[in-house]
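Residue numbering for the sequence shown follows the numbering used here, beginning at 10 and increasing consecutively.
For every residue, glycine included, the Cβ atom is placed at its ideal position computed from N, Cα and C.
Note that the coordinates shown come from a computational prediction; the quantities given were computed from them, not determined experimentally.
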Amino acid sequence: MSTQFVQAVWGGVLFGSVYGLMALGLTLVWGAVRLLNLAHGAIFVVGAYGAYWVVAFLHLPILVALPFGVLAAAAFAYAMHMVFIRPVIGKPGFDNSTLVATVGISIAVSAAALLIFNPQYKV
């Protein structure tokens with residue numbers, strides 16, 4: 010087998026694992042709270058850019074940066090829940106208002122990431 014084929018298979022397995030973990034998170038949130046969190050990808054982006062920031066600007070190794078990315082994502086998710094989701098839980102129209110809020114958060118995080126980190130590919 011060629012090295013290129015092995016790398017392609019390994020990359021596919023890794024990306025599939027990441028997508029599977031994200032789907033698992035969506036399923037857990039839906040099963041526990043009946044909330045369709047469309048900002049789930051935005052939380053992932055905040056964590057990824059948090060880890061990137063630690064590597065690129067603080068020049069720390071990637072294994073040190075990963076916990077920082079997880080902490081950034083967890084802090085963002087907690088703040089998002091406390092500010093946007095918790096105030097409307099149990100109120101009439103809960104489903105619609107949380108859906109609109111999470112879509113808005115997702116759009117805002119995408120725009121902020123473009124403004125802060127620019128659209129250039131990061132290595």
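| task | Can you grab the Cα-Cα spacing for the pair residue 21 / residue 15, in whole Å? | result | 10 Å
| message | So for residue 125, helix, strand or coil by DSSP? | response | helix
| said: For a test of the three-state rule: what should DSSP assign to residue 89, helix, strand or coil? | reply: DSSP places residue 89 in helix when its eight states are reduced to three.
| said: Just to confirm before moving on: does the CB-CB distance between residue 89 and residue 125 stay below 7 Å? | reply: no
| Distance, residue 37 Cα to residue 103 Cα | Their backbone Cα atoms lie some 18 Å apart in a straight line.
| request: Grab me the residues of residue 105's own chain with a C-beta within less than 7 Å of its C-beta, minus the 5 sequence neighbours each way, in chain order. | output: none
| task | Examine chain B for any beta-carbon lying closer than 7 Å to the beta-carbon of residue 34, and answer yes or no. | result | Absent from the structure is chain B; it holds one protein chain and no more.
| task | Sort 26, 44, 58 by Cα distance to residue 112 and report the nearest one. | result | Selection 26, 44, 58 evaluated against residue 112 yields 44 as nearest (Cα-Cα).
| Of all the alpha helix (DSSP H) runs that stay within the bounds of the segment 13 to 82, which reach a length of 4 or more residues? | 49 to 67
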